[in-house]
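Residue numbers (the numbering used here): 1 to 245. Idealized CB from N, CA, C, for every residue including glycine. Just so it is clear, the structure is predicted and the values come from calculations on it, not from any experiment. See structure below.
Have a look at this one:
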């Protein structure tokens, strides 16, 4: 009887943890499509304050930190970005020490190096190669993991052509990541990472003057998620106006 109660408790708390993780995912996704980043920040802070995090929960937290740091940098909130970057770096170290999902962790290391460069351009010659090496290792460790290709794309996109950067090559990596994510259709719905990748691809097309493909990508985004306010109200209308000129 006692053993039955023990297993019932394990199942109950296991299901509760899964339910909470799904709730966090939904909250972050909705905050992303509705541009309510205060909700995203609240999820991060709540998870960060939890004690005894499992590796899976810490990885989930790291993903949300990664997205929030990127948003902070894109909105000139560098001091806040640095606060969350340091927390993310701690999570990377802890997960790396436990040898948890080495491909993903190297992908995050690449991304965090990139954020360091965004905070201080002078660090690029020293940190840039580290970011590139981690992205390459992420892909090598798991060629079917999209995140490594996203970071390979980011490295190529932001690296000056003089040092081997190529926006065209970057788009190729982004499309490879999209192809891998599209193969897991049941996982991409409600995933902010997927929408973020699509926006990255569309903006990369715009920045390489391939506006026709950018328009098609924005339309694909809105077909997938009609309520994505950033694309619906800003990015897509701005491109349409540009094409009229």
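Closest Cα partner of residue 34 within the set 229, 159, 207, 216: 229
Residue 189 (DSSP reduced to helix, strand or coil): coil
Could you tell me the alpha carbon to alpha carbon distance between residue 68 and residue 41, rounded to whole angstroms? 7 Å
Quick one: which unbroken alpha helix (DSSP H) runs of 4-plus residues sit fully inside the segment 106 to 166? Chain order, please. 124 to 141, 146 to 158
Residue 53 (DSSP reduced to helix, strand or coil): coil
Between residue 203 and residue 213, what straight-line distance do the alpha-carbon atoms span, to the nearest angstrom? 10 Å
Indicate whether residue 111 and residue 46 have their beta-carbon atoms separated by less than 8 Å. no
Contacts around residue 66, its chain only, beta-carbon distance under 7 Å, and the 5 residues preceding and following it disregarded: 88, 108, 111
How far does the alpha helix (DSSP H) with residue 100 in it extend, from its first residue to its last? Unbroken run through residue 100: none, as it is neither H nor E.
Assign residue 176 to one of three DSSP states: helix, strand, or coil. helix
Classify residue 168: buried if its beta carbon has 16 or more other beta carbons within 10 angstroms, exposed otherwise. exposed
At a Cβ threshold of 8 Å, is residue 43 touching chain B? Within the model displayed, chain B is absent; a lone protein chain is all it includes.
On the three-state DSSP scale, how would you describe residue 237? helix
What distance in whole Å lies between the Cβ atoms of residue 173 and residue 156, which are believed to be in contact at a cut-off of 8 Å? 6 Å
contact_flag[the segment 184 to 193, the segment 24 to 34] where n(CB pairs < 8 Å) is 3 or more: yes
So, at 6 Å on beta carbons, what are the nonlocal neighbours of residue 226 in its own chain, with the 5 sequence-adjacent residues on each side left out? none
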